[in-house]
Structure formats: C-alpha cells, structure tokens
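**Student:** If you want the numbering used here, it's the 1-based position in the sequence shown plus 10.
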Amino acid sequence: MKFPNWNQLAQVGEQALGQVNVIAGRMLEGTLRLGVTGLRRSGKTVFVTSLIDNLIRGGRLPFLDAVASNRFLAARLRASPDRTAPRFPYEKYLAALTATPPHWPAATTGVSQLRLAVRFTPGSGLRRSVQPMATLNVDVIDYPGEWLMDLPMLNQSYRDWSALTLELMERQPRRQLAARWLHWLGTVTPDLRPDESLAREGAALYTDYLHACRRSQASLSLVQPGHFIEPGDLAGTPLLAFCPLPAGSGEHRAQSLGGLMNERFEAYKTQVVRRFFVEHFARLDRQIVLVDVLGMLNAGPTALYDMRMALTACLEAFHHGRAGWVSRLTGHEVDRVLFAATKADHVAAGQHANLRNLLDMLVSEARNAIRFEGAMVDTVALAAVKCTETVTTEHQGRKLACIQGTPLGRQRPTVLFPGNIPDGPDLFPENVSQPYRFLDFEPPAGVGRDGRGLPNIRLDQALNFLLGDYLA
Ligand SMILES: Nc1nc2c(ncn2[C@@H]2O[C@H](COP(=O)(O)OP(=O)(O)OP(=O)(O)O)[C@@H](O)[C@H]2O)c(=O)[nH]1
Ligand SMILES: [Mg+2]
Numbered sequence: 011m012k013f014p015n016w017n018q019l020a021q022v023g024e025q026a027l028g029q030v031n032v033i034a035g036r037m038l039e040g041t042l043r044l045g046v047t048g049l050r051r052s053g054k055t056v057f058v059t060s061l062i063d064n065l066i067r068g069g070r071l072p073f074l075d076a077v078a079s080n081r082f083l084a085a086r087l088r089a090s091p092d093r094t095a096p097r098f099p100y101e102k103y104l105a106a107l108t109a110t111p112p113h114w115p116a117a118t119t120g121v122s123q124l125r126l127a128v129r130f131t132p133g134s135g136l137r138r139s140v141q142p143m144a145t146l147n148v149d150v151i152d153y154p155g156e157w158l159m160d161l162p163m164l165n166q167s168y169r170d171w172s173a174l175t176l177e178l179m180e181r182q183p184r185r186q187l188a189a190r191w192l193h194w195l196g197t198v199t200p201d202l203r204p205d206e207s208l209a210r211e212g213a214a215l216y217t218d219y220l221h222a223c224r225r226s227q228a229s230l231s232l233v234q235p236g237h238f239i240e241p242g243d244l245a246g247t248p249l250l251a252f253c254p255l256p257a258g259s260g261e262h263r264a265q266s267l268g269g270l271m272n273e274r275f276e277a278y279k280t281q282v283v284r285r286f287f288v289e290h291f292a293r294l295d296r297q298i299v300l301v302d303v304l305g306m307l308n309a310g311p312t313a314l315y316d317m318r319m320a321l322t323a324c325l326e327a328f329h330h331g332r333a334g335w336v337s338r339l340t341g342h343e344v345d346r347v348l349f350a351a352t353k354a355d356h357v358a359a360g361q362h363a364n365l366r367n368l369l370d371m372l373v374s375e376a377r378n379a380i381r382f383e384g385a386m387v388d389t390v391a392l393a394a395v396k397c398t399e400t401v402t403t404e405h406q407g408r409k410l411a412c413i414q415g416t417p418l419g420r421q422r423p424t425v426l427f428p429g430n431i432p433d434g435p436d437l438f439p440e441n442v443s444q445p446y447r448f449l450d451f452e453p454p455a456g457v458g459r460d461g462r463g464l465p466n467i468r469l470d471q472a473l474n475f476l477l478g479d480y481l482a
C-alpha cells in the first residue's frame with residue numbers, strides 16, 4: 011500500500027476545504043422571490059428599474075440596514091433560472107430614463123423577469139466565520155397591470171362571473187359605457203346555437219366596453235378579463251372570444267351559445283390565467299403592492315371606489331394565509347406585504363404622512379386580513395424616481411410648500427403648488443367639482459449621470475422591509 015506524501019495530503023486538504031466553502035457558500039446563497047403587484051400605471055416597471063439600478067449602482071439607499079452598517083458589497087444581474095420568459099430590459103428602461111430628453115418606459119405588454127445577485131457580509135459573527143461573503147438572489151417579474159385583474163376570476167364559475175359583471179353594469183358610468191354591448195345582449199339568449207361569429211361579435215363589443223372603462227374619466231380599474239385589453243400573443247385566438255351572459259334556462263348546456271361561452275371561460279382560466287399566475291406568482295416570499303393613490307384622487311370618488319374593489323379582489327386571491335388559492339396550490343406563503351403609495355414626489359414632502367395614512371385607510375380591509383393570517387404588513391409613501399424637489403414659497407404673506415419639477419409635456423422646470431391631501435376620511439367635499447389636480451412629471455434631466463442609483467424617495471425603507479432580514 012502506498013501512502014500519499016505531504017504535498018498530496020495538503021492538496022486533498024485544500025480540495026476538501028474548497029468543497030466545504032462551496033457547500034457553505036451554497037447554504038449562504040439564498041433566493042427571494044419578490045412579487046411586484048399593482049394595477050395598470052401604478053408604477054411597477056419604474057419601481058423594478060429603480061430597485062435594480064439602486065442596488066447595482068448604489069449610493070442612494072442610506073437606510074437599508076446592510077448599507078448603513080457597511081455590509082452591502084455589490085449587486086449584479088444574473089441569468090434568471092426560468093428560461094421561459096424574456097429578461098426584464100433594465101438597460102433599455104434605464105437608457106430611456108437617462109436619455110436627453112429623458113422619458114418614461116412605455117406601458118408593459120408582456121411578462122419579463124430578472125434575477126439580481128446581491129453580495130453582502132453577514133451581520134452575525136458566527137455566520138461571518140463560516141463565510142465572509144453571502145449572496146442573495148432577488149427574483150422579480152414585470153407584467154402588464156391589466157393581467158392582475160384576471161386573478162379573481164380563477165375562483166369564479168362562468169355563471170358567477172357573468173352575474174357579477176352584469177351587476178356592475180347596472181350602475182353608471184358602466185351602464186352607459188356598455189350601451190352597445192348591452193344592446194347586443196338584448197338580441198341574444200344563452201340558449202341559441204353555439205355560433206362562432208356570434209360569440210366573436212359579443213366578445214368584440216364587450217372588449218370595446220372594457221377599453222371604454224379604462225379610457226373613461228372615472229379611470230375604472232375593475233376591468234376583466236385583463237387579456238382582453240392587453241392580449242399579449244393571444245390576440246384573435248378563440249381563448250378571447252367570449253363574454254358574460256345571464257344564466258339561461260338551460261344553465262349554459264353544452265350545445266348552446268351559453269355552453270360555448272362557458273367552455274371558453276374555463277379554457278381562459280386554465281390556459282391563460284392559471285398558467286400565468288402559477289408560473290410567475292407561485293412561491294413568492296415577499297410582496298409589494300403599488301397603488302397610485304394620487305392618480306385615483308385626481309380621477310374622483312368613482313375611480314377610488316372602483317380601485318379599492320379591484321385591489322381587494324386581487325389580494326383576496328393571493329397567498330395571505332392558507333385561504334388564498336396560490337398558497338393552496340403551492341404550499342408557499344408570503345410572510346411580508348408592503349403597500350406603497352407611488353409617485354409621492356407629486357406632492358410636497360410635508361404631505362407624505364397624509365399620503366401614507368390615506369393609503370392605510372384605502373387598503374385597511376386587505377391589510378387587516380393579511381395581518382390576521384400572520385404576515386407582516388406595512389405601508390409607505392415612496393417615489394421610485396424622484397422628479398421634483400420640495401421648495402417653500404410665499405403667497406400672500408403665507409409660507410407655502412410647493413414642488414419644483416418639469417410637468418409632463420413641458421420643457422422647463424416650474425414651481426407649483428400641487429395641493430394638499432386631506433388627513434381625514436372626507437376626501438371629496440360636495441361643493442368642489444374637482445378637488446385634486448396632481449400633475450405628472452417628466453423624469454428629471456440629467457438623472458443618473460452622477461453614477462449613483464436613480465434618485466428616489468424611501469426606496470431604501472421599502473427594501474429594508476422587503477429584503478432587510480435576508481441581508482442580515
Ligand atoms: N413622478 C413620478 N412618476 C412616476 C413614478 N413611477 C411611475 N411614474 C409615472 O407613472 C407612469 C406609469 O409607471 P409604470 O412603471 O410604467 O407603471 P406600470 O405599473 O408598469 O404600468 P403598466 O405597465 O401599464 O401595468 C410612468 O410613465 C410615470 O409617468 C415615480 O416614482 N415618480
Ligand atoms: Mg409596466
């Protein structure tokens with residue numbers, strides 16, 4: 011028998027040590043799936059872009075604990091383990107925001123995803139002694155906000171969905187917006203032959219109605235099915251050729267128009283909605299729910315009420331506790347949910363507390379339900395990209411907190427008084443026709459040229475709540 015010499019022994023020792031390091035490294039390489047949830051135009055794409063940019067380029071997240079305690083090392087993009095969806099085009103969006111002149115990313119039309127690897131020094135001495143460096147992979151996806159509205163449909167039968175949708179149309183402004191479709195409805199019964207062209211005609215008129223809801227002054231949020239508005243690659247397929255019908259005498263029996271619609275509804279649920287949500291929303295660890303509260307205040311009480319209904323319906327379906335279908339399907343639960351009022355830079359800094367309180371009030375039902383199920387919940391007013399500065403001016407001898415920025419469509423920065431957010435529940439006084447006119451802003455010129463992450467408001471606090479303990 012031949013014994014190994016010292017050199018060989020040392021080599022084996024090194025290899026073993028290397029292996030221990032690899033294993034320890036793996037143990038310390040965690041993954042966190044972050045669900046960015048929000049209705050259309052709530053700010054998802056801009057939020058994800060800023061989150062990535064601020065973690066990669068750094069310099070603007072002072073209250074992220076890992077940064078404050080000097081343990082944050084660096085972050086970089088990695089290939090996402092899921093190869094079925096395109097990569098989130100972070101570089102393209104950043105280029106748009108930092109161009110001359112800068113502009114916002116366009117509305118999202120499909121799903122994309124990205125993995126960001128965050129390197130940090132573990133906070134505990136014991137962890138540090140095993141491995142001086144740890145990695146957290148943060149997985150995020152982006153998708154059209156319209157698709158979120160599909161989620162509540164998964165728990166409904168065609169009959170229930172039709173009944174609810176028709177009930178909504180009994181009230182204005184929906185009744186008027188649906189006039190042409192309702193007229194069509196008056197000419198058919200569910201017991202008619204399962205005629206393909208009739209189904210398509212109904213679906214087309216119903217889709218026009220959904221577009222009208224979205225475009226309407228009330229900016230309605232409860233617009234279903236979401237793929238009818240943003241079809242992705244499903245445009246023109248039979249999966250989108252259905253619409254609600256009242257329950258017929260035959261209860262949508264097989265060889266009838268009602269039966270055909272019912273079949274299509276079920277196929278839509280299984281092949282479009284369930285697939286999308288199981289692929290992308292399952293196994294979420296943390297969730298941020300973005301809400302454009304200021305946009306809803308602008309649009310008025312109907313918009314606000316509708317948005318509340320839409321959000322509550324979407325959130326009910328989620329994970330919060332064992333009751334949500336996502337956790338039932340996957341056995342996985344979200345343990346932290348952050349509600350964020352986006353675009354906080356549309357008002358002066360002194361209004362942020364009121365903005366946060368208002369969001370708190372608007373989501374109180376969902377928030378309490380989530381807390382009851384044991385998940386941690388918080389609310390924040392943030393801006394993923396800060397486009398204004400708060401400045402103080404004097405008006406008739408009074409100090410006024412104004413904001414300075416370039417309103418959307420204009421070329422030069424101006425100082426303006428955006429108005430205040432009430433600190434109570436009386437949001438829409440009866441004698442004022444349009445109490446709120448919060449303007450949209452252009453991204454600030456020259457943003458990001460200092461080599462630091464995009465300027466923001468409270469992105470660090472949001473990230474601390476969402477990822478902080480994973481970076482401990
Ligand atoms: N001032 C300011 N405006 C913002 C901010 N975030 C978003 N916006 C505005 O809101 C618009 C919509 O933001 P997006 O991030 O595209 O919204 P989204 O949720 O991805 O929208 P969909 O893709 O349609 O679902 C932008 O074009 C900006 O005008 C922000 O932090 N500050
Ligand atoms: Mg988007």
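Heads up, the beta-carbon is just placed ideally off N, CA and C, and yes, glycines get one too.
Is any heavy atom in ligand 1 found nearer than 8 Å to the beta carbon of Gly-155?
**Tutor:** The answer is yes for Gly-155.
**Student:** Between the Cα of Ala-351 and the Cα atoms of Asp-302, Gly-384, Leu-202 and Ala-358, which residue gives the shortest distance?
**Tutor:** Here the closest residue by C-alpha is Asp-302.
**Student:** Quick one: grab the DSSP three-state call for Ile-431.
**Tutor:** Coil, per DSSP.
**Student:** Taking the runs of the alpha helix (DSSP H) that are 4 residues or longer, which of them lie wholly in the region 282-334?
**Tutor:** Those alpha helix (DSSP H) runs which fall completely within the region 282-334 and span 4+ residues are 285-291, 303-309 and 311-327.
**Student:** Could you tell me whether any non-hydrogen atom of ligand 1 is closer than 8 Å to the CB of Ala-394?
**Tutor:** Yes, the Cβ of Ala-394 comes within 8 Å of a heavy atom of ligand 1.
**Student:** In chain order, what residues of the same chain have a beta carbon less than 6 Å from the beta carbon of Trp-191, not counting five sequence neighbours either side?
**Tutor:** Excluding positions up to five away in sequence, the list reads Leu-215, Tyr-216 and Tyr-219.
**Student:** For Ser-60, does the three-state DSSP call read helix, strand or coil?
**Tutor:** Three-state DSSP puts Ser-60 in a helix.
**Student:** Would you identify the three-state DSSP class for Thr-402, choosing helix, strand or coil?
**Tutor:** Correct three-state label for Thr-402: strand.
**Student:** Excluding five sequence neighbours on each side, which residues of the same chain lie with their C-beta closer than 7 Å to the C-beta of Arg-318?
**Tutor:** Closer than 7 Å at Cβ, skipping near neighbours: Leu-372.
**Student:** Helix, strand or coil for Asn-80 per DSSP?
**Tutor:** It is coil, neither helix nor strand.
**Student:** Please say whether Pro-154 and Gly-120 have beta carbons closer to each other than 9 Å?
**Tutor:** Closer than 9 Å, so yes.
**Student:** Would you say Ser-52 touches ligand 1, meaning its beta carbon is less than 8 Å from a heavy atom?
**Tutor:** Under cutoff, so the answer is yes.
**Student:** Have a look at the DSSP bridge pairing and note the partners of Cys-223.
**Tutor:** Answer by DSSP bridge pairing: none, since Cys-223 is not bridged.
**Student:** Measure the Cβ-Cβ separation of Cys-412 and Pro-428 and say whether it is below 9 Å.
**Tutor:** Yes, the pair counts as a contact, with Cβ atoms nearer than the cut-off.
**Student:** Could you tell me which residues DSSP pairs with Met-386 in its beta bridges?
**Tutor:** Note: Met-386 sits in a beta bridge opposite Arg-346.
**Student:** Run through the region 448-478 for me and flag every whole alpha helix (DSSP H) of 4 or more residues, listed as ranges in chain order.
**Tutor:** With a minimum length of 4 residues, the continuous alpha helix (DSSP H) runs that stay inside the region 448-478 are 469-477.
**Student:** Which whole-angstrom value is the C-beta distance of Leu-369 and Ala-391, which I expect to be below 8 Å?
**Tutor:** Their Cβ separation, rounded to whole angstroms, is 7 Å, which keeps Leu-369 and Ala-391 in contact under 8 Å.
**Student:** How would you label His-193, buried or exposed, when you count the other beta carbons within 10 angstroms and need 16 or more for buried?
**Tutor:** His-193 is exposed by the Cβ-count criterion.
**Student:** Pick from Leu-255, Arg-293 and Gly-48: whose alpha carbon is nearest that of Met-177?
**Tutor:** Note that residue 177 is Glu in the sequence shown, not Met. That would be Leu-255, whose Cα lies nearest to the Cα of Glu-177.
**Student:** With 16 as the cutoff for other CB atoms within 10 Å, does Pro-453 come out buried or exposed?
**Tutor:** Classification for Pro-453: buried.
**Student:** Nearest CA to the CA of Arg-51: which residue from Phe-291, Gln-361, Asp-152 and Ala-222?
**Tutor:** Nearest of Phe-291, Gln-361, Asp-152 and Ala-222 to Arg-51, Cα basis: Asp-152.
**Student:** Among all the DSSP beta bridges, which residues are the ones paired with Gln-414?
**Tutor:** In the DSSP output, where bridge partners are listed per residue, Gln-414 has Glu-399 and Val-425.
**Student:** When the Cα atoms are used, what is the spatial distance from Leu-27 to Val-140?
**Tutor:** Confidence in Leu-27 is poor, its pLDDT being 46 and thus under 50, which makes the residue's placement unreliable; the coordinate value appears in the next sentence. If I take the Cα positions, the gap works out to 11 Å.
**Student:** On the three-state DSSP scale, how would you describe Leu-244?
**Tutor:** Helix at Leu-244.
**Student:** Just to confirm, does Thr-197 get its C-beta within under 8 Å of one of the non-hydrogen atoms of ligand 3?
**Tutor:** What this structure holds is ligand 1 and ligand 2, not ligand 3.
**Student:** Confirm the yes/no value for this check: CB of Asp-63, any heavy atom of ligand 1, distance under 8 Å.
**Tutor:** Not so, every heavy atom of ligand 1 lies at least 8 Å from the Cβ.
**Student:** Consider the C-beta atom of Cys-397 and the heavy atoms of ligand 1; say whether any pair is separated by less than 8 Å.
**Tutor:** Yes, the Cβ of Cys-397 comes within 8 Å of a heavy atom of ligand 1.
**Student:** Does DSSP put Ala-127 in a helix, a strand or coil?
**Tutor:** Three-state DSSP puts Ala-127 in a strand.
**Student:** Roughly how far, in whole angstroms, is the beta-carbon of Arg-125 from the beta-carbon of Thr-131, given that I think they are within contact range, below 8 Å?
**Tutor:** Not really, about 21 Å apart at Cβ, beyond 8 Å.
**Student:** With Arg-86 and Ala-127 assumed to form a contact (beta carbons below 8 Å), what rounded beta-carbon distance in angstroms separates them?
**Tutor:** Right, their Cβ atoms sit about 6 Å apart.
**Student:** Please indicate yes or no: does the CB of Asp-160 lie closer than 8 Å to some heavy atom of ligand 1?
**Tutor:** No, the Cβ of Asp-160 stays beyond 8 Å of every heavy atom of ligand 1.
**Student:** Alpha carbon to alpha carbon, what distance is there between Gln-297 and Ala-376?
**Tutor:** Their backbone Cα atoms lie some 13 Å apart in a straight line.
**Student:** Secondary structure at Asn-441, three-state DSSP: helix, strand or coil?
**Tutor:** Coil, per DSSP.
**Student:** Does Gln-234 pass the burial test, meaning 16 or more other C-beta atoms within 10 Å, or should it be called exposed?
**Tutor:** With 16 or more other Cβ atoms within 10 Å, it is buried.
**Student:** Need the endpoints of the alpha helix (DSSP H) that Thr-175 sits in, please.
**Tutor:** Counting along the chain, the alpha helix (DSSP H) containing Thr-175 begins and ends at 168-178.
**Student:** For the alpha helix (DSSP H) containing Asn-272, list its first residue and its last residue.
**Tutor:** Note, Asn-272: alpha helix (DSSP H), 267-277.
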